[in-house]
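Participant: Quick one: the structure is below, and I'll ask about it shortly.
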Amino acid sequence: MTAARFLKPGEIVLTERPGTITTVLGSCVSVIVRDPLTSLSAMCHAMLPDSQAEPRNRHYPASYYVDAAVRRMLAEFDSRGLHSRRLEVAVIGGAALAGGRFAVGQGNVMSALKTLAELGLRPATLDVGGSNGRRLSFDTATGELTSTSLGRVRPARTKACSRS
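Numbering (this note's numbering), first residue to last: 177 to 340.
Below is the structure:
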């Protein structure tokens, strides 16, 4: 029997066990890394592009940032002596929010690609941008990825709560 895991924003999963990791992405990005020989797999759900760009936001854990999450995942592969040239890499997500002031999705994608390039990696699978959210499912045993469009991503609109 395989394990199933839902990945929340700001989380990273690293596993050698067969299973399925799922998440839902809007402007966030998931970077998936897998060694096909050992089935060691990692996946992040990062929310912001650059851990160094906004010093006032440092109260967020490093895993909230694309650059830091990618470096952390790949450090785990390096610590196990796994060769980067055989790693399977994918980048998914980074949708543009309708009416959003900032291009967070695009920034997340650019940060993922830049950080991977700095580490000598290029994604074999790239499903990024656009205006649709995605439901992502990753089978750690086979490396199979399924990215399903969820429709146009819209920013949340909230109303002030009234006290009773």
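Ideal placement from N, C-alpha and C gives every residue a C-beta, glycine not left out.
This one's a predicted model, so the numbers in the text were calculated from it and none came from an experiment.
1) Can you list, in chain order, the residues of its chain whose CB lies under 6 Å from that of Val207, leaving out five sequence neighbours each side?
2) Helix, strand or coil for Leu190? Go by DSSP, reduced to three states.
3) Since I believe Val209 is in contact with Leu263 (beta carbons under 8 Å), could you give me their beta-carbon distance rounded to a whole number of angstroms?
4) Check whether the stretch 288 to 299 touches the stretch 180 to 196, counting contact only when three or more Cβ pairs, one atom from each stretch, lie closer than 8 Å.
5) For the alpha helix (DSSP H) containing Ser206, list its first residue and its last residue.
6) Alpha carbon to alpha carbon, how far is Leu213 from Ala317?
7) Per DSSP, which residues does Ala218 bridge with? Please list them.
8) So, with DSSP's three-state summary, where would you put Ser255?
9) I believe Gly327 touches Ala271 by the beta-carbon criterion, under 8 Å. Please report the beta-carbon distance rounded to the nearest angstrom.
10) Using the DSSP secondary-structure output, state which residues sit across from Asp303 in a beta bridge.
11) Anyone know if the C-beta pair for Ser325 and Asp303 falls short of 7 Å?
Facilitator: On the basis of the data shown:
1) Answer for Val207: Cys220, Val246, Val267, Ala288, listed in chain order.
2) In the displayed model, Leu190 falls within a strand according to three-state DSSP.
3) Yes, Leu263 and Val209 are in contact; Cβ-Cβ is about 6 Å, under 8 Å.
4) They do not touch, by the three-pair rule.
5) From DSSP, Ser206 is part of no alpha helix (DSSP H) but of the beta strand (DSSP E) over 205 to 210.
6) So the alpha carbons of these two residues sit roughly 10 Å apart.
7) Beta bridge pairing from DSSP links Ala218 with Leu190, Val209.
8) Note: Ser255 maps to helix in three-state DSSP.
9) Distance from Gly327 to Ala271 at the Cβ level is roughly 10 Å; contact not present, criterion being Cβ atoms closer than 8 Å.
10) Paired residue(s): Ile268.
11) Their beta carbons are not under 7 Å apart, which means Ser325 does not touch Asp303 by this criterion.
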